[in-house]
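Asker:
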């Protein structure tokens, strides 16, 4: 199957290489005197493993006297418009010949039954794709394609193709058990979803929705049934990362515990294989860290603690491990639905105030400083859009100045009429508020409920207004 055509990233991917020799003879007459690269698929990139300039007869050798290529799907890269995938498995001494104008029909492989079977598999899938496209186009043009009986007729034709593909792959699994080819071919099989329409009786309320719900949870449970996650060859294909992305985008519920459990389940399946375990652990850490939905950072914290704080991964550099652990620490104390750490700070007038002694249905916790350009616009906006609107219903603003110049603090409060805020500071950071509340830039804002639990973070002023309206509405109060 044709791989990604794009920029080749030159470098050597060492995962899985052992002390052994590979020799691949390549004969392509049209490429006489030209360079050909052997590139390994990795996510959406190509990692060049070897390059050869073919002689005047179009013959050249990819070879190395002391290492074996890691198994996976590799690309023979002739030019941006001419390339083809081959499989590197246990057979690593073989020959390939082809005509670049008709690669699929002219390619010949000798010395690697597994690779020859992969070539036949590609030809078969190309034909199945052609037949699938024909059915789809006929269905699109059919004037009666909205009728149930017509849709069933086309579904039956799709089912025939699906059965043929499954049968073909089943034959591969029997002929080449435990090989890279078997791992890859099985992985290409879509999960079979039971016909839940037979389980949900006609006349059931919201029947279609119930069928979709059952299908969703079945896919969520069985998504990886056809993936051998103890075979790291999948990493070196152009489809594994896409399947991972699809799984987390479409079959993992955006709830911290759901995301965390999905990550742990996936990683633990791969634990027997060090390379796959490493890849999936780093993938899940990145996925949880980059999920910007409010509250989802709890998944990052729990996953990071389990795999990067409680243990020391052997593949992570000390510098990167330090960064990961710092990020976990900065987030673990301000997770949604968790109680805030107590703050007892000095007020502008010199008195002391306790965050937990502030009685209010909601507290806007605001960290800011007078010299911050963003604060100069956001803090007055907080007063106008949030405080003035919700203060009549009990909301209070606990405003912590993070700057150390008291005069500038006083001037800003006076200029912007912030005397109704609970104005306080901790110039020596004795409360360690920067760590507890992740205050390493300003402004930083949180909304706490009456029990001082976090209910909002990392929102704009407008988003906070909408959230507070929603929260007050639950209390029977309509705020305009």
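Numbering (the numbering used here), first residue to last: 7 to 486. Where a beta carbon is used, it is the ideal one built from N, C-alpha and C, also for glycine.
1. Would you call the region 345-358 and the region 376-388 touching, i.e. three or more CB-CB distances under 8 angstroms?
2. What are the partner residues of residue 405, as DSSP defines its beta bridges?
3. Please classify residue 344: does DSSP put it in a helix, a strand, or coil?
4. By the three-class DSSP mapping on this structure, what secondary structure does residue 257 have?
5. Put residue 51 into one of helix, strand or coil per three-state DSSP.
6. In terms of alpha-carbon separation, which member of 252, 257, 238, 409 lies closest to residue 514?
7. For residue 237, report the span of its beta strand (DSSP E) as first-last.
8. Per DSSP, residue 31 is paired with what?
9. What is the residue span of the alpha helix (DSSP H) that residue 270 lies within?
10. Rounding to the nearest angstrom, what Cα-Cα distance links residue 298 and residue 466 in this structure?
11. Taking DSSP as the reference, what is the three-state secondary structure of residue 399?
12. Considering residue 92, what are the terminal residues of the alpha helix (DSSP H) in which it resides?
13. Residue 239 and residue 78 - do their beta-carbons sit closer together than 7 angstroms?
14. For residue 229, does the three-state DSSP call read helix, strand or coil?
15. Could you check if residue 356 is buried or exposed, using at least 16 other CB atoms within 10 Å of its CB as the buried criterion?
16. What are the start and end residues of the beta strand (DSSP E) that includes residue 78?
17. State the beta-bridge partners of residue 450 as determined by DSSP.
18. Check whether the region 98-108 and the region 26-36 touch, using three or more Cβ-Cβ pairs below 8 angstroms as the test.
19. According to DSSP, is residue 415 helix, strand or coil?
20. Would you list, in sequence order, the uninterrupted beta strand (DSSP E) runs of no fewer than 3 residues that lie entirely inside the region 278-365?
21. Take every Cβ of the region 118-128, pair it with every Cβ of the region 143-161, and state whether three or more of those distances are shorter than 8 angstroms.
22. Is the Cβ of residue 458 closer than 7 angstroms to any Cβ of chain D?
23. Do residue 195 and residue 487 have their beta-carbon atoms positioned less than 7 angstroms apart in this structure?
24. Alpha carbon to alpha carbon, how far is residue 23 from residue 106?
25. Just tell me which of 111, 291, 336 has its CA closest to the CA of residue 269.
26. Could you name the residues that DSSP lists as bridge partners for residue 116?
27. Are the beta-carbon atoms belonging to residue 391 and residue 450 less than 7 angstroms from one another?
28. Cβ of residue 281 within 7 angstroms of Cβ of residue 273?
29. Looking at the secondary structure, which residues open and close the beta strand (DSSP E) in which residue 460 lies?
30. Assuming the contact rule is C-beta atoms closer than 8 angstroms, residue 452 and residue 463 should be a hit. Round their C-beta distance to whole Å, please.
31. Please classify residue 118: is it buried, with 16 or more other beta-carbons within 10 angstroms of its beta-carbon, or exposed?
32. Within the same chain, show all residues whose beta-carbon is closer than 7 angstroms to that of residue 276, passing over the 5 residues directly before and after it, in chain order.
33. In terms of residues, what are the limits of the alpha helix (DSSP H) holding residue 176?
34. So the alpha helix (DSSP H) residue 38 belongs to, where does it begin and stop?
35. In this structure, how does DSSP classify residue 445 when only helix, strand and coil are distinguished?
36. Cutting at 8 angstroms between CB atoms, please list the residues of its own chain near residue 366, excluding the five before and the five after it.
Answerer: Taking the geometry as given:
1. no
2. 372, 429
3. coil
4. coil
5. strand
6. Summary: the structure shown does not reach residue 514, with the chain confined to residues 7 through 486, and so no result is reported for it.
7. From DSSP, residue 237 is part of no beta strand (DSSP E); its letter is neither H nor E.
8. 67, 101
9. 262-275
10. 13 angstroms
11. helix
12. First-last for residue 92: 88-94, but that is the beta strand (DSSP E), not the alpha helix (DSSP H).
13. yes
14. coil
15. exposed
16. 78-85
17. 373
18. yes
19. helix
20. 350-353, 358-360
21. no
22. Reference to chain D is not applicable here, since this structure consists of a single protein chain.
23. In the structure displayed, the chain extends from 7 to 486; residue 487 sits before or after that span and is not available.
24. Low confidence applies to residue 23: its pLDDT is 44, below 50, so where it sits in the model is not reliable, and the reading given next is rough at best. Approximately 30 angstroms, taken between the alpha carbons.
25. 291
26. 101
27. no
28. no
29. 460-463
30. 5 angstroms
31. buried
32. 235, 236, 282, 283, 286
33. 154-181
34. Taken as a continuous stretch (DSSP letters only), residue 38 belongs to no alpha helix (DSSP H), as it is neither H nor E.
35. coil
36. 400, 401, 402, 456
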